[in-house]
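In my numbering, the protein residues as written are -19 to 118.
Ideal Cβ positions, reconstructed from N, Cα and C, are used throughout, including at glycine.
Each remark here refers to the structure printed beneath this line.
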């Protein structure tokens, strides 16, 4: 096939980080996340993550989290579950936010990336430095 018969997408070569990024995005979609790609551009915050994703926490998963947190206490999770879930859902707090930075095996976070991810983690986000697609499952 000559280069004139290929589409733009077929002729574009992915970088090693591009391959990881594509795998991670696919894995997050499989887990039910809404994923978007961030492109560093004029006006972007320095160190912004490659991918960001958000997912609503389903009632069953929330109940398991609640049971884990209350394990060993005198409070039974079933007494709190329905009311607490309603309160948090109405407040818009029943979601999980993930920021992903894709790196090759030898790749390192820049100082700006590390600071950006630390700030997100302090705000309650889950932070992933992915070196392969499966890293989102850990």
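Status (buried if at least 16 other CB within 10 Å, exposed otherwise) for residue i
| i | result |
| --- | --- |
| residue 31 | buried |
| residue -18 | Note that residue -18 has pLDDT 48, beneath the 50 cutoff, so the model's placement of it is unreliable and no number is given. |
| residue 8 | buried |
DSSP state of residue i mapped onto helix, strand, coil
| i | result |
| --- | --- |
| residue 67 | helix |
| residue 81 | strand |
| residue -18 | Any reading at residue -18 needs caution, since the residue's pLDDT is 48, under 50, leaving its predicted position unreliable; the model's value is listed next. Coil at residue -18, not helix or strand. |
| residue 36 | strand |
| residue 73 | coil |
Residue from the options whose Cα sits closest to the Cα of residue i
| i | options | result |
| --- | --- | --- |
| residue 109 | -2, -4, 22, 29 | 29 |
| residue 44 | 55, 61, 53 | 61 |
| residue 82 | -6, -7, -2 | -2 |
| residue 80 | 15, 41, 10, 11 | 15 |
| residue 68 | 89, 102, 42, 87 | 42 |
Whether residue i touches residue j by CB criterion (9 Å)
| i | j | result |
| --- | --- | --- |
| residue 27 | residue 91 | yes |
| residue 25 | residue 96 | yes |
| residue 56 | residue 50 | yes |
| residue -4 | residue 84 | yes |
TODO: Pair every Cβ in the segment 75 to 92 with every Cβ in the segment 35 to 53, then say whether three or more of these pairs are closer than 8 Å.
DONE: Because the criterion of three Cβ pairs below 8 Å is met, the segment 75 to 92 and the segment 35 to 53 touch.
TODO: Taking 8 Å as the threshold, find out whether the segment -9 to 4 comes into contact with the segment 98 to 112 through three or more Cβ pairs.
DONE: Yes, the segment -9 to 4 is in contact with the segment 98 to 112.
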